[in-house]
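In the numbering used here, the protein residues as written are 51 to 211.
Backbone N, C-alpha and C define an ideal beta-carbon position, used for all residues, glycine too.
Model, not experiment: these values are computed from the prediction.
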């Protein structure tokens, strides 16, 4: 903002009679700094320590990376507890890089007074020399009984550059 516009803006404020903060006197004590007030805790969460493992198959030359994380959140007002578990396993080989795969599983469990709801999604991508094969399974149980299930599959050809 250039100086003439600022002066015009300041003059407009004065004409309108809006209050303007004045600069503190040189001998005035500085205003106390008031930081943000702490928020009341409405959730409690507990994280599981992450786990990662690397496996090397000496015979096939394949390397597999496995990873697992998870956490639990206690909901306020006795609404329950939400637990999430996340895992994946990725495998590839330098001898045959076209043959590789990744499998991921995500599970969310809601525990409430009226029972437990569990939703699990598993996704798989397997590569071959000519295509990627994708499979997704979604399952939901309520109080240990199947409630919903759906599966998606697709094959996508490799497009080599």
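In this structure, DSSP gives residue 186 an extended state, which the three-state scheme calls strand. In the three-state reduction of the DSSP assignment, residue 144 falls in the coil class, being assigned neither a helical nor a strand state. Spatial neighbours of residue 156 in its own chain (CB-CB distance under 6 Å, excluding positions within 5 residues in sequence) are listed in chain order as 136 and 171.
Residue 209: not part of any beta strand (DSSP E); DSSP gives it neither H nor E. Rounded to the nearest angstrom, the gap between the Cα atoms of residue 185 and residue 145 is 25 Å. A distance below 7 Å between beta-carbons, with the five flanking residues on each side excluded, links residue 148 to the following residues of its chain, in chain order: 177, 178 and 179. Residue 181 places its beta carbon 8 Å or farther from that of residue 141. Put simply, the backbone Cα of residue 139 is about 20 Å away from that of residue 133.
Residues 119, 120 and 121 of the same chain have their beta carbon placed closer than 7 Å to that of residue 98, with the five preceding and five following residues left out of the count. Residue 187 sits away from residue 169, with the two beta carbons spaced by 8 Å or more. Excluding residues up to 5 positions away in sequence, 121 and 122 lie with their Cβ nearer than 7 Å to the Cβ of residue 96 in the same chain. In the three-state reduction of the DSSP assignment, residue 149 falls in the coil class. In the three-state scheme derived from DSSP, where H, G and I count as helix and E and B as strand, residue 163 is classed as coil.
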